[in-house]
Structure formats: structure tokens, C-alpha cells
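Heads up: the sequence shown runs through residues 230 to 497, numbered per my numbering.
Each residue gets a CB set at the ideal place from its N, CA and C atoms; glycine is no exception.
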Amino acid sequence: MSDLDKISANQEGFNLRARAHLQSSYYDVEKFKQGHNMLRRLEREELGDVRGRSLLELQCHIGVNSLSLARMGAQVTGTDISDEAIDIARGLAGELDLDAKFVQANLYDLPQVLDGQFDMVFTGYGTLSFLPDIPRWAEVAAQFVKPGGTLTIVEIHPILNLFDSVDGELRVVRSLFQSRQVHHEMSKSYADRIEDEVEVEKHSIYGWRWTVEEVVNSLIAAGLTIERLREVPYDARQRLPLMESDGDHNWRIAGDPIPLSFACVARK
């Protein structure tokens with residue numbers, strides 16, 4: 230099965246997930262409609278003041294982060310491969326009278342359908358693992374950064390792929406450097422707590438596991454300069470049963486034994 234076929238399967242999967250995510254606690258669309266900022270703490274900290282800045286969000290899904298950034302004063306364009314997700318994002322923008330543009334495209338085809346460059350390019354939690362070619366992703370992302378502009382990544386830390394919760398304890402169950410491609414047949418989505426994940430029609434999802442080294446070196450190879458790299462002991466959602474909410478829309482493991490998220494800011 231080619232990478233393009235896998236990307237197409239993921240598109241179908243996220244089309245199925247998109248409508249279900251309107252009812253999920255993770256995206257919490259009703260709270261968003263009431264004015265809540267859907268960006269997590271690490272995303273807000275790393276992006277900083279976006280007022281008056283042109284900003285491109287890659288893999289924006291149903292658009293609640295893009296639209297939160299529009300509320301913060303950015304001139305936002307969001308892109309995603311899912312037709313359904315982009316339709317939802319456009320609908321939310323119209324309903325809430327928020328000024329944002331949304332473009333449906335396979336990320337690797339984006340230079341053929343989107344013109345211009347941006348002060349800021351951003352990609353958030355749970356995006357890089359759906360990309361089969363990280364060096365090419367970095368080239369595409371860098372192409373849209375204005376000279377002097379930034380690319381900001383906030384992502385799940387790949388070290389989390391090593392671990393699982395076994396009898397209430399954190400245990401290493403796989404290698405960071407093996408099983409780099411994954412395939413799951415799924416009938417649930419990630420967008421809630423583990424015990425009440427959203428049910429959707431059965432679908433295939435393909436993923437790729439990238440190390441922080443591979444991500445950072447791809448950015449350097451694409452001509453960007455790394456300004457900072459952070460690793461933090463909290464994540465945007467509950468990925469293991471032993472993770473507990475910290476009351477600030479983040480999830481942690483008691484004692485903070487491993488990094489759960491990382492952030493990287495690179496400048497052109």
C-alpha cells in the first residue's frame with residue numbers, strides 16, 4: 230500500500246471523525262462558542278502575542294484553534310486534508326462572525342493551492358504522526374514562512390510511544406526505534422477521556438512515529454534556525470489511564486517521570 234493510499238485512508242477516517250468531534254469533550258465546541266480559548270497552555274506560551282500577525286495553521290481539523298487565534302487578533306488561514314473538518318471550520322467561522330480562511334488540501338499539495346507567506350506557521354497536538362515524510366513536511370512548512378517569521382510546533386512527545394499503563398504502573402513496552410509505521414482499525418476516536426471515547430464508524434488510520442531529532446533536523450535542513458526546544462511533563466489529553474487532569478486542561482503522570490509534550494520554535 231503506497232503512502233498516498235494511506236493518506237487517502239486517513240482522510241476518510243478524519244471525515245468520519247469530524248462530525249463526531251462536534252460532541253466531544255476534547256474539542257468542546259459549545260464552550261468554544263461561548264468564547265473559550267481552545268489553545269492549550271503550551272501552545273499559548275510558545276505562540277505568544279499574535280495580534281496583527283498573519284498566521285497559517287497546518288492540519289487545523291475542525292478549526293477551533295485557528296478560530297481561537299483569530300479571536301486573539303491574528304489574520305488566520307487554516308488548512309486540513311479532511312473535507313468534513315474544513316466544512317465545519319467554515320461553518321463555525323460564519324456562525325461566530327470570525328474572520329478566518331480555511332483551505333482543504335493534502336499538506337504535501339498545499340504549495341499548489343495556497344499562495345503567499347505568513348508571519349507565523351503553526352502546527353499543534355497530534356499532527357506529525359499522520360505524515361509519512363517529515364523532511365518534505367518541513368520543506369512545505371518552511372516555504373510558507375516569511376523571512377524573519379517563525380514556525381511553531383507543539384506536539385505529543387514521541388517518548389510516550391514507548392510506554393503503556395500496566396497494572397497501574399508506567400512500563401516500557403516497545404522501542405522508540407522500531408515499529409515506525411502503525412496501522413489501526415478503529416471504531417472510536419481520541420477526542421475524549423479514555424473511558425468515554427467517541428464512537429464512530431469503523432475506519433483505518435495509518436501513522437508514522439518520528440523522533441524529536443528527526444523533526445528538528447528536518448527543520449534545519451529546510452533552512453530554518455532553531456530558536457528554542459521545550460519538553461514538558463503534561464499533555465493535552467489523557468493518553469494513558471494513569472494520567473490525571475491538572476485542572477488546567479492538561480494531563481500529567483504522578484511525579485512527572487517523563488516528558489509528555491514538546492515544543493519547538495524555528496525562525497527563517
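Query: According to the neighbour-count rule (16 or more other Cβ atoms, all chains shown, within 10 Å of its Cβ), is Lys-260 buried or exposed?; Result: exposed
Query: Okay, do the stretch 269–276 and the stretch 374–388 touch, 3+ Cβ pairs below 8 Å being the bar?; Result: yes
Query: By Cβ distance below 7 Å, which residues in the same chain neighbour Phe-373 in space, the five residues on each side in sequence not counted?; Result: Leu-285, Gln-346, Phe-347 and Val-350
Query: In three-state terms, what does DSSP make of Lys-330?; Result: strand
Query: Quick one: give me the first and last residue of the beta strand (DSSP E) that Phe-347 is part of.; Result: 347–352
Query: Could you tell me which residues DSSP pairs with Val-385 in its beta bridges?; Result: Just to set this straight, residue 385 is Ile in the shown sequence, not Val. Paired residue(s): Ser-490.
Query: Following the continuous beta strand (DSSP E) through Trp-480, name the residue where it begins and the one where it ends.; Result: 480–482
Query: Suppose you measure from the CA of Glu-430 to the CA of Asp-234; what does that come to, to the nearest Å?; Result: 19 Å
Query: According to the neighbour-count rule (16 or more other Cβ atoms, all chains shown, within 10 Å of its Cβ), is Asp-477 buried or exposed?; Result: exposed
Query: How would you label Leu-287, buried or exposed, when you count the other beta carbons within 10 angstroms and need 16 or more for buried?; Result: buried
Query: Whole angstroms is fine: what's the gap from Pro-248's alpha carbon to Ile-317's?; Result: Checking the displayed sequence, the identity of residue 248 turns out to be Arg instead of Pro. Distance between the alpha carbons of Arg-248 and Ile-317 is about 8 Å.
Query: On the DSSP bridge assignment, give the partners of Phe-359 in chain order.; Result: None, per the DSSP bridge assignment.
Query: Taking only three categories from DSSP, how would you classify Gln-240?; Result: helix
Query: Could you name the residues of the same chain whose beta carbon sits closer than 6 Å to that of Arg-409, not counting the 5 residues immediately before and after it, in chain order?; Result: Arg-438
Query: Could you tell me whether the Cβ atoms of Ser-295 and Ala-329 are closer together than 7 Å?; Result: yes
Query: Use the C-beta contact count for Ile-449: other C-beta atoms within 10 angstroms, 16 or more gives buried, fewer gives exposed.; Result: exposed
Query: If I measure Cβ to Cβ from Gln-240 and keep anything under 7 Å in the same chain, skipping five residues before and after, which residues do I get?; Result: Ile-310 and Ser-311
Query: According to DSSP, is Asp-316 helix, strand or coil?; Result: helix
Query: From Leu-339 to Glu-443, what does the alpha carbon distance come to, in whole angstroms?; Result: 22 Å
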